[in-house]
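Sequences listed follow chains A and B, in order.
Numbered according to the working numbering, the first sequence terminates at residue 539, and the numbering increases by one at each position without gaps.
Numbered according to the working numbering, the second sequence terminates at residue 666, and the numbering increases by one at each position without gaps.
Backbone N, C-alpha and C define an ideal beta-carbon position, used for all residues, glycine too.
The structure appears right after this line, and notes come after that.
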Amino acid sequence: MSDRPHPPRVADIGVPSEVLSPVDLQALVPLPPPYDGIDARTIWKELSAERRTEVDASLDGVSALSLARPADGDGERRQLEALAAGLVRLLGRDDNWAFLQPLLLSLEHCTHCQTCADACPLFVGSGGNEVYRPTYRSDVVRRLLARYGPGGNPIRAALAGRVELNWTTLARLAELAYRCTLCRRCMQSCPIGVDNGLIARELRKLLSQELGIAPTDLHAKGSEQQLAVGSSTGMSPAALRDVVEFIDEETSERVGFKVSTPWDREGADVLLLHNAGEFLSWPENPGAFAVIMQQAGISWTLSSELVGYDAVNYGLWYDDAQFARVATRQAEIARRLKVRKVVIGECGHAHKALAVVADRILGPDAVPRESFAPFLAAIVGSGALRLDPARNDFPVTLHDPCNLARGLGIVEAPRRVLRAVAPRFREMTPHGVDNYCCGGGSGFAIMSPNNFAAWRTLVAGRMKFRQVLEAFADEPGPDVPKYLCAPCSNCKGQFRELLRAYGAWERSRLTYGGLVELVVNAMTDVRPGYLEWEPH
Amino acid sequence: MNLVALWCYLTLAAFAAGCVLKALRYAAAPMHLRWELYPLPAGSGGFGGSYFEEVDWWLRPQRRSRLAELRVIAAEVFTLETVRAHNRPLWLPSLAFHWGLYLLFALGAALLGAGVLRAAGAPVTAVLDGGVLLSAWGAAGLGLATLGALGLLARRTLEPRLRRASAPADFVHLVLLLAVFAASWGSWLGADRHYAGAAAFAAALASFSRAPGMSAWTAAQVVLLGLFLAYLPWSHMAHFFTKYFTWHSVRWDDLPADRRHAASVRRTLMLPAGWSAPHVRRGGGRTWGDVVGGGEGEKR
């Protein structure tokens, strides 16, 4: 990475300018042929001059939050006072008991050695844009805390470094909270254990819980909608049952026998919890789950209660209140259904939310939560399904969703399945707990205001896309169909955009999908061709 | 007791108190939600060291190994493994710096320990009274620490990316340490090469007896070192002991919820939630329990 002409310093965040550190399309990490010839400008979307007057994009020319400058000085002052109050709450034992200890540890011990910098796919993928450096955002927060946080004073502020608390700082810092996918690869490389991902997450929390600033797709259309109508997709229980009935019919037709999804069966062994986006965007995934459950003789059910049919919990990424509300409702539904366990479908963040982060809120008596991965590996390993791996005679690689691999340590289980059903499976480099984020993590995959989707495709997903192409470097052309296995709804959403933007179907015959689809495609009692090779 | 000795007592007490207070601050923090990061050392599962790799994981015995944790931490402390793996240009200066500090702190602890033992009437080897061995020990520690600190300062000053990402405190720490090392070299070269004076001073400190006279270099060394020690727990350099919390209590804390956690959560749900955004306050609740229970979400 070459140095840019005038890279911004941390203190520059509060210095008004048109754009502090624009995305440099020439500096992006190069892609292998034939993708090296793609002009990034054909994917990039510049904000119009008019839009720039409406929303703040002065960090990097991108707007994830559509943040508008308050109409007058009073409005600005109120927001700045709220930010200062939020900084105090962030370090309060009452207000932030949930993450106080890890947050303090990460705020107080960074030595700025920059060991984390090259671990960050955004920083590296962007060609070293200074504001994407994992410590940049954290240092703005540290400097503000040293001056305005509890115990803040001029000596601490001088040692931490200067930063001005003005509306420019607030707007850029708010955007900066959404230039990190919370993949936590930086923490993995930190010799001290500092977690810049957590600091970004806590900053998002401050903005949401104190200033009411959050991406519309995560909050208003996301967790609020989920709590109000049952799902972040907007699907009501009645609509869901219609959709699943349709999926059952389609699946039955595809596999050649009757498949039916059980609803609200009290005392079932398994409550299956899907990301509801699957029902609408990738119906072959819940369809494949239904086939496997049925053919393996599993006692299972879906729930049609509000929140009980959507595994997502966007609060994980930005808001403790929303997080706890969703998680406790999901757990309560499982308890009422008297199921033995909840199996979380192919949705990475739902795993992290319900199995890990909510664990101590739900307590030891809650219904246990299990990942689909070991569940599926056990079914495949038991011989309950008759499988012919030759049906999957095409190159397959696996994207390890961050929340599954780094978040739950699930690395081997999906590979046990792939070894049984995909004879031409190959690894990406790096993989497992060292994987790169798809670029859609922490909600990015569902956020597309202004030009954010173009940024996500070009910058956030750059390293992953390169890695996927390299995994198939021995068979790069369109003559060989290739399958990118991504067992996570948000990751699939990101791959859909990436493959589309770069024309990967036309150039490489590259498609993507989940893990269960590969299993069903290999089942001998299923009509051949469950996977449909077509551009998504 | 002279002023230098008094300074020593005060700064050593400040160092100890600082470490204890800071450790207590973290240890007494409310129970946090799980935020572990894989892989964990050992664990019960496969590649990622996770019990989540297993079906019905809650029915299986959980295997944890303090020994495996210690192995990882030892590699971090003695070889700076993650710096070696992810930041090779900084590894050698950082390794020299840390090993130099280990040797110097070990030397200081040995001299003080000898003083304490002697004051208690226990026999102490004459090697710790000063001599060639101590001289070599001190020179090795000082040499490595000085070279390392100079290397780190050079990189931080000359490497534009590192310079931009540095805080003023990062330079202050290195300069303060280099000042300590400079005074220590002055003492080693000009006054107390065999650490006989240092040993006598440590013995006097340990027995609360009158400290012997010392050179200006040695006095400067003691004063600067005391200043550094008193400041150390309140700087990011406190990672030498807070690493226990960052790694053991956060990164590797995969304990499933138990009765103790449940009791803690019950208490925290009674805590006031002061956040101001309307969706948090929905329903008028004042405690975290109210916040979690209140909120049907707004229909769009």
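- Less than 8 Å separates the beta-carbon of SER601 of chain B from that of ALA535 of chain B.
- At the C-beta level, ALA279 of chain A and SER307 of chain A stay beyond 8 Å of one another.
- If you ignore the 5 residues before and after ALA43 of chain A, its C-beta comes within less than 7 Å of the C-beta of LEU28, LEU31, LEU461, all in its own chain and listed in chain order.
- At a cut-off of 8 Å between beta-carbon atoms, SER615 of chain B makes contact with chain A.
- Runs of the alpha helix (DSSP H) lying entirely within the stretch 292-350 of chain A, each at least 4 residues long, are 318-321, 323-340 in chain order.
- By the 16-neighbour rule on beta-carbons within 10 angstroms, MET636 of chain B is exposed.
- CA-CA distance, ILE41 of chain A to TRP47 of chain A, rounds to 11 Å.
- Contact annotation for ASP536 of chain B against chain A: THR114, HIS115 [CB-CB distance below 8 Å, chain order].
- The DSSP-derived three-state label of TRP266 of chain A is strand.
- When the beta-carbon positions are compared, LEU406 of chain B and TRP641 of chain B stay at least 8 Å from each other.
- As for any alpha helix (DSSP H) of minimum length 4 sitting wholly inside the stretch 625-664 of chain B, the runs are 625-634, 644-647, 654-659, ordered along the chain.
- Looking only at A:ARG419, A:THR184, A:GLY164, A:ARG499, the smallest Cα-Cα distance to PRO137 of chain A is reached by A:THR184.
- The C-beta of ALA383 of chain B comes no closer than 8 Å to any C-beta of chain A.
- Sequence-distant partners of VAL262 of chain A (beyond 5 residues in either direction) whose C-beta falls short of 8 Å from its own C-beta, in its chain, are ASP251, THR254, SER255, GLY290, ALA293, VAL294, GLN297.
- By the CB criterion at 8 Å, ASN132 of chain A and VAL26 of chain A fall inside the cutoff.
- When 7 Å is used as the limit between beta carbons, SER431 of chain B is near no residue of chain A, the shortest such separation being about 15 Å.
- Scanning chain B for C-beta atoms nearer than 7 Å to the C-beta of ASP362 of chain A yields ARG400, PRO622, ALA623, reported in chain order.
- Just measuring C-alpha positions, the residue of B:ALA557, B:VAL657, B:ALA395 sitting nearest ARG96 of chain A is B:ALA395.
- In this structure, DSSP gives MET397 of chain B a state outside helix and strand, which the three-state scheme calls coil.
- Annotated three-state conformation of CYS488 of chain A is strand, per DSSP.
- An exposed status is given to VAL498 of chain B, since fewer than 16 other beta-carbon atoms sit within 10 Å of its beta-carbon.
- When only Cα atoms are considered, LEU534 of chain A and ASN524 of chain A end up about 6 Å apart.
- Only GLU133, ARG136, THR138, TYR139, ASP142, ARG145, ARG146 from the stretch 133-150 of chain A bring a Cβ to less than 9 Å from some Cβ of chain B.
- The C-alpha of LEU401 of chain A lies about 6 Å from the C-alpha of LEU487 of chain A.
- Residue environment for PRO124 of chain A: buried (at least 16 other C-beta atoms within 10 angstroms of its C-beta).
- The Cβ-Cβ distance between PRO481 of chain A and ARG503 of chain A does not fall below 8 Å.
- In this structure, the alpha-carbon of VAL658 of chain B lies about 35 Å from that of GLY516 of chain A.
- Along the stretch 189-213 of chain A, the positions whose C-beta sits under 8 Å from a C-beta of chain B are MET190, GLN191, SER192, CYS193, PRO194, ILE195, GLY196, VAL197, ASP198, LEU201, SER211, GLN212, GLU213, read in chain order.
- In this structure, DSSP gives MET238 of chain A a state outside helix and strand, which the three-state scheme calls coil.
- Across the structure, VAL18 of chain A and THR118 of chain A are spaced so that their CA atoms are roughly 28 Å apart.
- What ASP121 of chain A touches in chain B, judged by beta-carbon distance under 7 Å, is HIS452, going in chain order.
- Two segments are said to touch when three or more pairs of C-beta atoms, one from each, lie closer than 8 Å; by this definition the stretch 197-216 of chain A touches the stretch 641-657 of chain B.
- When C-beta distances to chain B are compared with 8 Å, every residue of the stretch 296-309 of chain A stays at or above that value.
- Under DSSP, VAL399 of chain A shares a beta bridge with A:PHE428, A:TYR486.
- Beyond the five residues adjoining it in sequence on each side, ARG469 of chain A comes within less than 6 Å, by CB distance, of LEU34 in the same chain, given in chain order.
- Residues of the same chain with a CB within less than 7 Å of the CB of ASP403 of chain A, apart from the 5 flanking positions on each side, are VAL414, HIS434, GLY435, ASN438 in chain order.
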